[in-house]
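Using our numbering, the final residue of the sequence shown is 750, and nothing's skipped along the way. Ideal placement from N, C-alpha and C gives every residue a C-beta, glycine not left out. These figures come from a predicted structure and were not determined experimentally.
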Amino acid sequence: MERESFAWGAAALSVMGAVALVFAGKMGIGPAIGLLAGGCFILIRLWGKPIVRVLSAIGDSPKLSEFICVGTLVLVTLLMLGPVARGDPPFSVDHPVHYFQAWQFKERFWADGWFFWSNLWYAGYPVSYSYPVGAYLWISLVDWLTLDKLAFSNVYAVGFWLFYLFHGYSVYFLGKAAFNRKIGLIAALFYLMDRGAIFSGGWFWLVAVGTWPIALSVAFSTMATVYLARVLERGRRTDVGACAAFLGLALLTHPLQLMHIPVLFATAFVIACFVLPSALLRRTVPWAVLAGGLGLLIGAGWYLPFIETSEFTRAYGHAGISIIEVGANLYKASLMPSSAGFLPEVDTIPSGAAEFIPSSLDGVAIYVSVLSVLSVPILLASRKLLPILFCVLTMLILIATSSSTHYALHLAEWWPRYQHVEFPRFMMLIKPCICIAAAAGLLGLWRGLKTHGMGGWNFSSVPAGKGYFATVVLGTLIATLAWPSAVVVLNRNVFQPVALRSRIETVSEQEKLAKWIRDIKSRDERFFRLAARSTHQDGHELFSLGVDLPVPIYHLGFTPACSYLYSMSVDSEAFFPPAADSNEIFRALNVRYLVSTSRIERADLMPVNAFGSLLVYEFTDWNPDPFVVLEGQSKIDMQRFEPQEIVFAALPGANGRLRLNISFFPRWSATKDGKEIPIGTTSVGNDTAFMTVPLSPGLYRFTFGRGWSEWLALLSLVLGAFASAFLMLGWSKSGVVLT
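In structure tokens form, the structure reads like this:
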């Protein structure tokens, strides 16, 4: 009893000493951790058996283990994106574009579906034809589940945090299916803490830049991979339905899956032939094919119109790196590249270590790369479908997407859509595999140490005094060196800064500008557009104005998340201030005001107002009519000017041609006095094609409708979704084996 009291006293003194040393400055942190380690040593000696029993009980309870693992992921994402989870959305680079797109999608969905025409950007553009719908469905689902009670900024914020949590959970789910919960959790933490780089995911690409829809698609395909393996290994109807559903969601969220899913299925089938009994495969392969077919049916709800109208999609493709560069990256342990991104200038938790590390270096990514390469023998020796699939699929994608392979096959010469594919983005598809492989390597290393180096070590066999002293000394030495590294990891990989909407000064300025525009529109109902220009080519913050404006926006510069051919984002005004020759374009687009974040000197732009850093200019040659009569003269009575229908009457004496200030798309049709007429186009530069028709007296009607691909897409989506739900919920509630 006296010894036990002494032990408790020593543990208490260790804790108090550690607390005192924390306030002694940086050099006191190492000894403080050493004393805490000594206190833990004593507690383990006192409570060793109860602790082991509790840990065993947790391990023996699948539900409790699952709760702890998922709870850990929730906690980590809250540490990383706490303000976002509370309703303050990220608003840097591409986020305002997705913010506006998701808002417009939500507003129009119940009336127009997800394929419709919008006049709110450029000279109008076809929504969802050139950019997938999955991410905006995700945000809309959050809005519907909250019964439209939250402000849309809160909806976007919560939706983004849920996405970030789900994309980490998908890696945990895959790692758990391939190995166990420990590996799944470690892999998910690696994945969430990846700082990332351009085209390759991670914090920089998803949170800082805001290119997150593709990561949502990768999360869906990662979930589908698990269910594909289950179908091949077990053949349950519920797995067939779940696999199809996640495949369909992946296809609805990014077109990259059109290339990835066939490769995934083909690779999985080949590996299954080597690791699974042939008798089992004869029964399960047809059901795996059914899952793939149903997934394609669901995904066809978006990609059929996308493919059918692809000639109106702008090419933004990029070639992948060469095989030599892949080899160099393996040597440099940079399979997961990192970027400086948006890093704090000083440590959040002071350590001083960060100033000695290049901003482009990420130690976590290096460790993950090294561990993933070292774990290749573990993956191949497992003789299990998923681990071998990770290994083979990663190597296959690295080789297949390299520019060396493309040059050898002359791919760009015979494949007309080659320039539309961003091959570097395929790195995001294999990153979950790399993280899981690294987690397997780390756990394998730990088990090797336990077996060969620590297997015979027992706390109870070590004298209390010697054990306590050794633990304190070793803990102090290790912590003194490791603490600065831990601080850098926390600052760079967990507590990274987020450009929140509430902290961006121009947001309040935009609200004042929007109110000013609304006041003008209430007094003068004539048509006009607001041109918007940011100082930097990646400055898209003015796009969020569209949520509050009663007029369309013409954004000068590159527009992400929209590949429409006539988006006017290249040529003279792509990344530069308005050129001297843009007067005709401004008149053609009915620009009345230009808002800019920098001063402009031009004869046809007169400064009229300013809202903080937002300077407003009036275009002196504004054309208030959304049309122009060419090669003739006529009086036009504009009777209806809506996003999907335009009606006007050409009065007696009309002649020449009429150019609507609306871009062309093949879903537009026109009639004159009820008879269909062809629509021509007229260009005024900067990749424009305005709808034009010959004029004569009569009633003209332009209608934006749906073609065969939209109706077939809807039918495919309904059939695929119903069949998948039937498999998951209706036909086999117990999930019995198909055989």
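- At the C-beta level, residue 376 and residue 347 come within 8 Å of one another.
- Counting along the chain, residue 620 sits inside the beta strand (DSSP E) bounded by residues 616-622.
- The three-state secondary structure of residue 412, taken from DSSP, is coil.
- Apart from sequence neighbours up to five positions away, the residues of its chain that approach residue 256 with a beta-carbon distance below 6 Å are 735, ordered along the chain.
- Secondary structure in the segment 133-193: the alpha helix (DSSP H) runs of 4 residues or longer, each lying completely within the stretch, are 145-156, 163-189 in chain order.
- For residue 250, the CB contacts under 6 Å within the same chain, skipping 5 residues up- and downstream, are 238, 241, 242 in chain order.
- Residue 629 carries a strand assignment under DSSP once its states are collapsed to helix, strand and coil.
- For secondary structure counted as the beta strand (DSSP E) over 3 or more consecutive residues, the segment 659-742 holds these complete runs in sequence order: 668-674, 679-683, 686-688, 691-693, 701-705, 709-715.
- Comparing alpha-carbon positions, the option among 679, 730, 567, 729 lying closest to residue 718 turns out to be 679.
- Annotation: the continuous beta strand (DSSP E) that includes residue 129 extends over 127-129.
- By the C-beta criterion, the segment 305-320 is judged to be in contact with the segment 722-731, since at least 3 inter-stretch pairs fall below 8 Å.
- The C-alpha of residue 442 lies about 24 Å from the C-alpha of residue 307.
- Beta-bridge annotation (DSSP): residue 565 is paired with 542.
- Here residue 78 is exposed, its C-beta having fewer than 16 other C-beta atoms within 10 Å.
- Per DSSP, the unbroken alpha helix (DSSP H) holding residue 91 starts and ends at 73-96.
- If you draw a straight line from the Cα of residue 305 to the Cα of residue 118, it comes to about 29 Å.
- In the structure shown, the three-state DSSP call for residue 577 is coil.
- DSSP places residue 379 in the helix class (H, G or I) of the three-state scheme.
- Contact between the segment 618-627 and the segment 640-654 is absent, with fewer than three C-beta pairs closer than 8 Å.
- CA-to-CA, the gap between residue 517 and residue 625 works out to about 8 Å.
- Note on residue 88: 16 or more other CB atoms within 10 angstroms of its CB, so buried under the neighbour-count rule.
- Taking 8 Å as the cut-off, the Cβ atoms of residue 178 and residue 224 do not count as close.
- In this structure, the straight-line span from the alpha carbon of residue 676 to that of residue 494 is close to 60 Å.
- Each of 509, 500, 559 was checked against the Cα of residue 520, and the nearest Cα belongs to 559.
- In the pairwise beta carbon analysis, the segment 91-104 is classified as not touching the segment 525-534: fewer than three pairs are separated by under 8 Å.
- Here residue 379 has 201, 347, 445, 446, 449 as same chain residues with Cβ atoms under 7 Å from its own Cβ, once five neighbours each way along the sequence are excluded.
- Secondary structure note for residue 291: its alpha helix (DSSP H) is the uninterrupted segment 289-319.
- Residue 738 places its beta carbon 8 Å or farther from that of residue 246.
- As the crow flies, the alpha-carbon of residue 56 is around 14 Å from that of residue 47.
- Going by DSSP, residue 528 is part of the alpha helix (DSSP H) stretching over 516-534.
- Within the model, the alpha-carbon separation for residue 106 versus residue 709 is close to 46 Å.
- Residue 323 places its beta carbon less than 8 Å from that of residue 575.
- Residue burial annotation: residue 420 is exposed, with fewer than 16 other C-beta atoms found within 10 angstroms of its C-beta.
- Residues 398, 399, 402 of the same chain have their beta carbon placed closer than 8 Å to that of residue 391, with the five preceding and five following residues left out of the count.
- A residue is called buried when at least 16 other Cβ atoms come within 10 angstroms of its Cβ; residue 430 does not meet this threshold and is exposed.
- Beyond the five residues adjoining it in sequence on each side, residue 334 comes within less than 8 Å, by CB distance, of 410, 413, 415, 416 in the same chain, given in chain order.
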